[in-house]
Structure formats: structure tokens, C-alpha cells
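Undergrad: If you count by our numbering, then the sequence shown holds residues 16 to 549, one letter each, in order.
Glycine included, each C-beta is placed from N, C-alpha and C at the ideal position.
Note that this is a predicted model, so its numbers are computed, not measured.
Below are the C-alpha cells for one structure; questions will follow.
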Amino acid sequence: MKHWLASTALALCLALPAVAQDTDPNAKPGGEIVLTYKDDVATLDPAIGYDWQNWSMIKSLFDGLMDYYPGTTELRPGLAESYTISEDGLVFTFKLRPGVKFHNGREMTAEDVKYSLDRVTNPATQSPGAGFFASIAGFENAGEGGLSGVKVVDPSTVEITLSRPDATFLHVMALNFSYVVPKEAVEEWGEDFGKHPVGTGAYSLEDWTIGQRLTFRKNPDYWISGIPYLDAIHVEVGQEPVVALLRLQNGEVDIPGDGIPPAKFAEVMGDPEQAARVVEGGQLHTGYITMNVTQPPFDKVEVRRAVNMALNKDRIIQIINGRAVPANQPLPPSMPGYAKDYAGYSFDPEGAKTLLAEAGYADGFETELYVMNTDPNPRIAQAIQQDLAAIGITASLQNLAQANVIEAGGAGQAPMVWSGGMGWIADFPDPSNFYGPTLGCAGAADGGWNWAKYCNAEVDALAVKADSFTDPADPERLKLWSEIYVKIMEDAPWAPVFNEQRYTMKSPRMGGADALYVDPVSIPINYDYVYVTE
């Protein structure tokens, strides 16, 4: 066995104190806060949950073998106290922290780690994140028998064998989908486990009144000393963003989860007192339109290319106060592997009409565009609708709650989806993350996040090749990823629209670094490390 980072023993001896010392010396323990969201939360099951609201809630309820330093994309050990990697990069051996307990009081063991990985990769679970684990040996036969590549060595040691080197594997072990759950709780609640989550996280779910409120209570036995700071978090759902902003201004809300309503953005930024409470952060994000390539007329590449050429992206960006730049490929510009020399599809309505005629749709066609019903997404969808109408495509808008759009996309029912409010933000800073869940064959399964249902075996093979490097930053690997995304754009299952900055607000009493409120991995908020100052 070789040691990761030249000397795993040294690296992890240095990392372990950092876990205990992440506490903010200015933090005042205690207090409760109120957040708001327009939509209710669909689930808190880490194997299933994958949307804007529940991502950070799940991160506070559960833990994985790996984690990130707060407000950063830098990996650190989580439930794993240490780990080693074999010389060939195929065998990862994780030593678990002693004494970590689930919310039900039972101590976590290596059996729980194996059960959780077996569960998330079992097709019966229909996890949208199953594809992340494709490099684990036995993934292709995952099911009731579990993953052959995951072995319990002893109660505190788990060994994971890969079928190929995977440059992203430690990031995958920090994803929500890999989080550890207790078998007895999953079996007790069955499909309702997502409403009755039991994890090892900094908070436990105290109450959930569907359609109204969720309350998360501090875990007094959390394994990171001094964390979390807050006693409780109250999440009120069904709150229109404009109303949430007004309540923030009145001191009734601490964080409006849906951010600053676009219609109020100029007003907020023009008021020095309110602008001082605005937090801005970059994000590895792309907003896009998916086209279901298994359904006519989007089974024809000419039609999909025509949609790309029909979009006036500069006009669409004006709807969100210019808080974005036009996108021409799935990867955002700041992501490694971004194809800098790729021009993409230009705005060319006449050229788009020519392509439709070549595909046999000279008179256009009717379709449906699914969209999340939180502002500004319906207005963006209307602008897209107008652009499509200009080339002869009549798209009726299906304005639905976020969970319903995700369900329709995952089931393959939606011909087109505008991803806004759900648009892809990287789970981790690597180009593969924009492929596997949203464009890879594994993600095209029922319930997956590949709403275009795009599956190109040649591209899938190239993606496997790209991730079989041992060094994530290898220039040849990043070049290969650039080529992959250019190939995808030739097939045009997406029409990328823009790359957006993230803006949110906090009440005057909220403390903690700004990065915690626009955390790149605990999207949108790192609940474990924020606190109140009064």
C-alpha cells in the first residue's frame, strides 16, 4: 500500500486536528434561525435527494467517509479517520472514526457503510446518483447481492475496490449519495425514510409538517466538537420569495432560501443598508434546456441544433439583471476542462428554420417546455417560448413545483425542460461531474437527472477513459474532457443558456464567513457553521 499525498499518515495527522479546530472563535453557541423556501422539500433521503432545497439539509443530517473544509472545495476526512490507496489506485481502505453514533443512539460501523453503498447502487432504489459509483467493482451487477467491490474488513474498516482508476473517487465519497444510513431505520420506514431520516449529522429532524415547516435540532452528540453552533433551524416552506424578502426586512426571517427576487434585485442593491447584507459568490453553474432525444421531434439532431440557434441568450440574461454570462457548452468557464476555443451555436433564427426544414419540420411543431414555477424561471421560459415561436416551434409552458419538474424529467415525460432553479451546479470541481449524472448513460435511467435521456456509448467510453487517470489535473485528462463536451454539443441534447452568479441575503444577526452562505458544496448554505451574534 502506498500513502496518499506522499504520506497519508502525516497528511491525516495534520488533517485530524483541523476537523476539531474548524470552530470560529467569534461564534456564539445557541440560538435559532428561520429560513424560507417557496417549495416544499421532496425528500431527505441521501440516496434520493438532489435538488436546491434539500442538498444542504441532507448534508447536515448525514455524513460520508469524506468531507470538505467549510466554504471550500478542499477535501478532508469525514467519517473516515484515515485512508490508504494501493499502488495501482484501485483499492481504498478507510478506517472509521470510533464512537460515531446515529441519531437513534446506535454506533456506526463498517457494515453501515457497505449497506449504504449497496443501497444507493441498487437499481430498485432508483437513485439519481447511482452513476457516480460506476467505478466500484461489481457496479454493473449491483442489486440485492450488493457491491462485490465493497468489503467489511472489521467493524471499523471498510475496503473499496475499483474496477478502474477513478480520479474523482474521493470526491464521490464526499457526495450526499454516499452518506451512511442505518439499515434498521430504512427498513422501518421503507419509502418514507426520506420523511423520517436518521443519520450521524450535526442536526436531526425534529418535526416536518408537510407544506408548512421543517425543524432541525442540534445533535448534542455530534462527533465534531463544538459543531453545530445553532440550537435549531426552522425552515418555512410555501413562502413566495418577495414575501420572504419583506419578512427579512422586518426581522422575521434570517435567510431567504430562494435568494433575492429578480424583480427586487435593483432595489436591494440600491439600498446601502440592504446591500450590506447581500452575499455574492461564484458557482460552477450552467442553466440549460434539455431536449428528450428519445421523443420525436427531438430524436433528430437537426431539430436540437435548431433550438440552440434560436435562443437570444443576451436577452434572456437581461431578465435576471445581467447576473450571468452566455453559455455555449455544459461546462462553466471556470471549470477545468472547459473548451476555450469552442464557439458553440450562434444566434441564427434563419439558420434554425433551415435546419427544421431539413428535418422535415418546415411548418414547425408543437411541444411542451417544463419549468419550475419560482420567479424568474417562468419569465425566462416565456422568453425561450418567444424565441422558439420565431422559428415555428409552439411550446406550451408547464409551470410546476420544482419536485414535479424533476419527476417529469426523470421519468422521461418532459419533451423539454428549462433547468432554472434546478440548473446544474457542480457537486465537486471536476469536469466529470457535469457528465455522469446529467449526460451519461447511467443518468438516463428512470428517476435520473439526465432529462435529455441522452446516451452515447462512444462518449460514455471516452468519459470512462478520462476518469481512469490517477491525477485529476492531468493535462491529457482535461483535454479529453474538452473533446467530450464538444462531441456532446455536436449531438446537442442540451441548449446551454447561461452561467449564473449566486446572490443571497442574511439578516444582520447572522454570523460566519460569507463563503458559508454560498458554499460551493453545501449548496446553498453550510448550516453546520453559521451562527447568530445575538
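Apart from the five residues just before and just after residue 376, which ones in its own chain have a Cβ nearer than 7 Å to its Cβ?
TA: 312 and 318
Undergrad: Would you kindly check if the distance between the Cβ of residue 98 and the Cβ of residue 90 is under 8 Å?
TA: no
Undergrad: Alpha carbon to alpha carbon, how far is residue 453 from residue 468? Give it in angstroms, no decimals.
TA: 9 Å
Undergrad: Skipping 5 residues on each side, what residues in its chain have a beta carbon closer than 6 Å to that of residue 535?
TA: 88
Undergrad: Please return the same chain residues whose Cβ sits closer than 6 Å to the Cβ of residue 423, not counting the five positions on each side in sequence.
TA: 385 and 429
Undergrad: Can you tell me which residues form a DSSP beta bridge with residue 302?
TA: DSSP output for residue 302 lists 513 as bridge partner(s).
Undergrad: Does DSSP classify residue 231 as helix, strand or coil?
TA: Strand.
Undergrad: Need the endpoints of the alpha helix (DSSP H) that residue 184 sits in, please.
TA: Here the alpha helix (DSSP H) through residue 184 covers 184-187.
Undergrad: Taking 7 Å as the cut-off, does the CB of residue 445 come closer than this to any heavy atom belonging to the ligand MG?
TA: Inclusion of the ligand MG in the displayed structure is not the case, the ligand content being empty and no account of it being possible.
Undergrad: How is residue 533 classed by DSSP in three states: helix, strand or coil?
TA: coil
Undergrad: Looking at the strands, I want to know which residues DSSP matches up with residue 413.
TA: 385
Undergrad: Please work out which residues of its chain come closer than 6 Å, Cβ to Cβ, to residue 165, disregarding the five sequence neighbours upstream and downstream, and give them in chain order.
TA: 129, 132 and 175
Undergrad: May I ask which residues mark the beginning and end of the beta strand (DSSP E) holding residue 432?
TA: Counting along the chain, the unbroken beta strand (DSSP E) around residue 432 starts and ends at 431-433.
Undergrad: Consult DSSP for residue 207 and reduce its assignment to one of helix, strand or coil.
TA: When secondary structure is reduced to three states using DSSP, residue 207 falls in the helix class.
Undergrad: Taking 8 Å as the threshold (C-beta atoms), are residue 126 and residue 111 in contact?
TA: no
Undergrad: Would you grab the beta carbon distance between residue 86 and residue 541 for me? Rounded to a whole angstrom, and I think it's under 8 Å.
TA: 6 Å
Undergrad: Of the choices 404, 250 and 109, whose alpha-carbon is the least far from that of residue 220?
TA: With distances taken between Cα atoms, residue 220 lies closest to 250.
Undergrad: Would the beta-carbon of residue 274 fall within 8 Å of that of residue 519?
TA: yes
Undergrad: Mind reading off the beta-carbon distance from residue 213 to residue 69? Whole number of angstroms is fine, and I expect it under 8 Å.
TA: In fact, because the Cβ distance is near 16 Å, the residues do not count as touching under 8 Å.
Undergrad: If I follow the unbroken alpha helix (DSSP H) through residue 75, where does it start and stop?
TA: 69-76
Undergrad: Would you kindly report the start and end of the unbroken alpha helix (DSSP H) that includes residue 499?
TA: 490-506
Undergrad: Please classify residue 156 as buried or exposed, where buried requires at least 16 other C-beta atoms within 10 Å of its C-beta.
TA: exposed
Undergrad: In the DSSP assignment, what are the bridge partners of residue 219?
TA: Answer is 232, bridged to residue 219.
Undergrad: How many whole angstroms separate the CB atoms of residue 511 and residue 396, which I take to be in contact at a CB cut-off of 8 Å?
TA: Contact doesn't hold; Cβ gap of about 16 Å is too wide.
Undergrad: Out of 204, 140, 152 and 124, which has the shortest C-alpha to C-alpha gap to residue 167?
TA: It is 124 whose Cα lies nearest to the Cα of residue 167.
Undergrad: Does the Cβ-Cβ distance between residue 426 and residue 367 come in under 8 Å?
TA: no
Undergrad: If contacts are defined as beta-carbon pairs under 8 Å, then residue 369 and residue 410 qualify, I think. What distance do you get, rounded to the angstrom?
TA: Residue 369 to residue 410, Cβ: 20 Å. No contact.
Undergrad: Would you list the residues sitting across from residue 109 in a DSSP beta bridge?
TA: 98 and 173
Undergrad: Alpha carbon to alpha carbon, how far is residue 471 from residue 307?
TA: A direct Cα-Cα distance of roughly 13 Å separates residue 471 from residue 307.
Undergrad: Does DSSP classify residue 554 as helix, strand or coil?
TA: Since the displayed the chain opens at 16 and closes at 549, residue 554 lies outside it and no answer follows.
Undergrad: Can you find the residues in the same chain that come closer than 7 Å, C-beta to C-beta, to residue 550, ignoring five residues on each side of it along the sequence?
TA: The structure shown does not extend to residue 550, since the chain spans only 16 to 549, so no value can be given for it.
Undergrad: Excluding five sequence neighbours on each side, which residues of the same chain lie with their C-beta closer than 6 Å to the C-beta of residue 252?
TA: 52 and 55
Undergrad: Would residue 248 and residue 217 qualify as a contact pair, given that the criterion is a beta-carbon distance under 8 Å?
TA: no
Undergrad: What first and last residue would you give for the beta strand (DSSP E) that runs through residue 11?
TA: Nothing about residue 11 can be read from this structure; the chain reaches only from 16 to 549.
Undergrad: Is the CB-CB distance between residue 299 and residue 361 below 8 Å?
TA: no
Undergrad: Taking just the CA atoms, how far does residue 145 sit from residue 207?
TA: 20 Å
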